[in-house]
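The sequence shown maps to residues 19 to 162 in the working numbering.
Written out below as structure tokens is the structure these notes cover.
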Amino acid sequence: MKQSALFDSSIYVAALRQGDNALLASRRIAPDSLLWLSSVVLEELYAGLRDGGRYRVERLERDFGSAGRILVPNLRDWTQTGKVLSRLAAQYHHEKTGRGRLTNDTLIATSAGRLGLTIVTANKRDFRLLAEFLPFRWQVTSVS
19 MKQSALFDSS
29 IYVAALRQGD
39 NALLASRRIA
49 PDSLLWLSSV
59 VLEELYAGLR
69 DGGRYRVERL
79 ERDFGSAGRI
89 LVPNLRDWTQ
99 TGKVLSRLAA
109 QYHHEKTGRG
119 RLTNDTLIAT
129 SAGRLGLTIV
139 TANKRDFRLL
149 AEFLPFRWQV
159 TSVS
């Protein structure tokens, strides 16, 4: 049975900055995994678009949508995200801006954890912190 993985936006952003096709780059990172795309990652990619990148992001959306593998956070994911951010703030004295910065990563972690997906990221700092508060699988890698 294939392992299922979900790439954080840090992986796609690195691939897009290199001018590489983001899907091909991701397949080199996890060639034996069934890949998923988080709607949160999709939002981050669209929000950060520069000239010329729209086609690649639209292709990601179309390809993963056609395969039925876009992960959308549900109500439980959202409420769990709020609870985790509250606990994190209490333990580490994060300001509102710190919690806001972690909202998307927490949504990705809660929804991926719900489906048992492994998050592949270049963002070790944030996901290591979230792993203290949430049960989810993750691994650090880079696109090169």
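Glycine included, C-beta positions come from ideal geometry on N, C-alpha and C.
Problem - Range covered by the alpha helix (DSSP H) that runs through Q21 - result: Premise fails: Q21 lies in the beta strand (DSSP E), 21 to 25, not in any alpha helix (DSSP H).
Practice task
Grab the span of the alpha helix (DSSP H) containing V102 for me, first residue to last.
Solution key: 93 to 110
Exercise for the section: Would you mind reading off the limits of the beta strand (DSSP E) that contains V138? Expected result: 136 to 139
Handout entry: Residue burial classification, Y30 (beta-carbon count within 10 angstroms, cutoff 16)
Key = buried
Practice task
Count the C-beta pairs between the segment 68 to 83 and the segment 92 to 102 that are closer than 8 Å, then say yes if the count reaches three, no if not.
Solution key: no
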